[in-house]
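What follows is a single structure, written as structure tokens, with notes after it.
Residue numbers (the UniProt record's numbering): 1 to 191.
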């Protein structure tokens, strides 16, 4: 699950030495001996920290002859910071667009709750998909067959909708088992 990855990232990066290493690598790539020297630590200690950081994809390495240089994977750090920031920031627009969302749902769902058709416009699609995933339980693991049966209650094209759940980060899939992502990770319609 994505939440597990976030927890692993923040647990690993909650170490002062690893934060110092990130700070050093932000200026450019360095080899282990240089990092050890700048931090006043032994090379085996640096190797330990680098392995932990490599496990969460914060760093990557390149070999030049007999020397391994470590590089900072800035995109991973920025992504984790953005996700955490979105989780704690207040969504000021949440209430503003409620009427528009209700209108979209009325247009695309029958009175019995069936989806008439999948909208072509992305904004409307996201409103419809969010409505559908709200019927799923957070933390529950759904086998593919069970998820298909759930979607079939609303629309016959369960494969497309299931795929859209993954593409738009509503759900996470591993070994044909599906689980809801935290709501902060869901794709949002731009208003």
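The beta carbon of each residue, even a glycine, is placed where N, CA and C say it ideally should be. Source: prediction; values computed, not measured.
Here the C-alpha atom of residue 20 lies approximately 26 Å from the C-alpha atom of residue 65. If you compare the alpha carbons of 39, 146, 10 with that of residue 23, the shortest gap goes to 39. DSSP places residue 43 within a helical segment (H, G or I) once states are collapsed to three. Taking C-beta atoms as the reference points, residue 108 and residue 97 fail to come closer than 8 Å. When the Cα atoms are used, residue 105 and residue 127 turn out to be separated by approximately 7 Å. Take the alpha-carbon of residue 54 and the one of residue 152: they are about 42 Å apart.
Beta-bridge partners of residue 115 (DSSP): 109.
Setting aside the 5 residues that flank it on each side, residue 57 is surrounded in the same chain by 73, 76, each with a C-beta closer than 8 Å to its C-beta; the list follows chain order. Between the alpha carbons of residue 142 and residue 174 lies a gap of roughly 10 Å. With contacts defined as CB atoms closer than 8 Å, residue 147 and residue 178 qualify as a contacting pair. Spanning the alpha carbons of residue 184 and residue 171 requires a straight line of approximately 12 Å. Around the beta carbon of residue 103, fewer than 16 other beta carbons sit within 10 angstroms, so the residue counts as exposed.
The beta carbon of residue 47 is closer than 7 Å to those of 32 in its chain, skipping five residues each way along the sequence.
Residue pairing from DSSP leaves residue 134 without any beta-bridge partner.
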